[in-house]
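Below is one structure; the comments refer to it alone.
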Amino acid sequence: MFRIHVERVLEKDIDTVFEAISDHARYVRFPGVSKSLLIEEGRDEKNGTGALRIIGAGRLELTERITRFERPNRMHYQIEKSSPFSVEHTKGEIVLTPEGEQTRVTWISEGHVQVPVLGRMMDRLAERSFSKAFSSLLKAIERL
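Below, the structure written as structure tokens:
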């Protein structure tokens, strides 16, 4: 099982950070993201609860559904499909907390890479690579 926990305080207000994180169609501006498509709009907001997005990074492609959307504090998501390997995703959440003019971002993702024999090794690789990717994305938001 992989467990990714990235926490960072950004020098941006909470509304700016939430907009950058929730605007899926513009993820391609972030390092490593090669594809970003909004397939289905959310029920109450375009990128809100129910929205379905595809995020690609090189050969990796994730189809994610937004399961909870509480502007500007919280967004949960579920990976419904992935390639080139399957992921059983059990938790995906982003929580934003204002700290004066800054914003604390806590990003947690948990699951299991479903590859026979190599699953545990792939879980460790997923932890390292996704932690690095999430951190990189947050640094890019801070530079906006």
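Numbered per numbering that gives the first Met the number 0, the sequence shown finishes at 143, counting up by one with no gaps. In this text, a Cβ means the ideal position worked out from N, Cα and C, and glycines have one as well.
Grouping DSSP H, G and I as helix and E and B as strand, with all else coil, what is I69? The sequence shown places Glu at residue 69, rather than the Ile named in the question. In the structure shown, the three-state DSSP call for E69 is strand.
Helix, strand or coil for M0, going by three-state DSSP, please let me know. M0: coil per DSSP, three-state reduction.
Given that a residue counts as buried once 16 or more other Cβ atoms are within 10 Å of its Cβ, and exposed if not, what is E40? Result: exposed.
Check the DSSP bridge columns for H88 and list the partner residues they point to. G110.
Alpha carbon to alpha carbon, what distance is there between P97 and P115? For P115 and P97, the distance between alpha carbons rounds to 42 Å.
Tell me the rounded alpha-carbon separation between R25 and G99. Taking the straight line from one Cα to the other gives about 27 Å.
When DSSP labels each residue in this structure, what does T48 get in the three-state scheme? Three-state result, T48: coil.
Please work out which residues of its chain come closer than 8 Å, Cβ to Cβ, to T48, disregarding the five sequence neighbours upstream and downstream, and give them in chain order. These residues qualify, in order along the chain: G41, R42, I65, T66, R67, F68.
For G57, count neighbouring Cβ atoms within 10 angstroms of its own Cβ and tell me buried if that reaches 16, exposed if not. With fewer than 16 other Cβ atoms within 10 Å, it is exposed.
Helix, strand or coil at V16 according to DSSP, with G and I counted as helix: It is helical.
What does a CB cutoff of less than 7 Å around E87 pick up in its chain, not counting 5 residues either side in sequence? Taken in chain order, the residues that qualify are G110, H111, Q113.
Strand pairing of A24, partner residues [DSSP]: For A24, which the question treats as bridged, DSSP gives no partner whatsoever.
Which value, in whole angstroms, describes the spacing of the CA atoms of P30 and K138? Whole-angstrom Cα-Cα distance: 10 Å.
What do you get for I140, buried or exposed, if any count of 16 or more other CB atoms within 10 angstroms of its CB means buried? Buried, since its Cβ has 16 or more Cβ neighbours within 10 Å.
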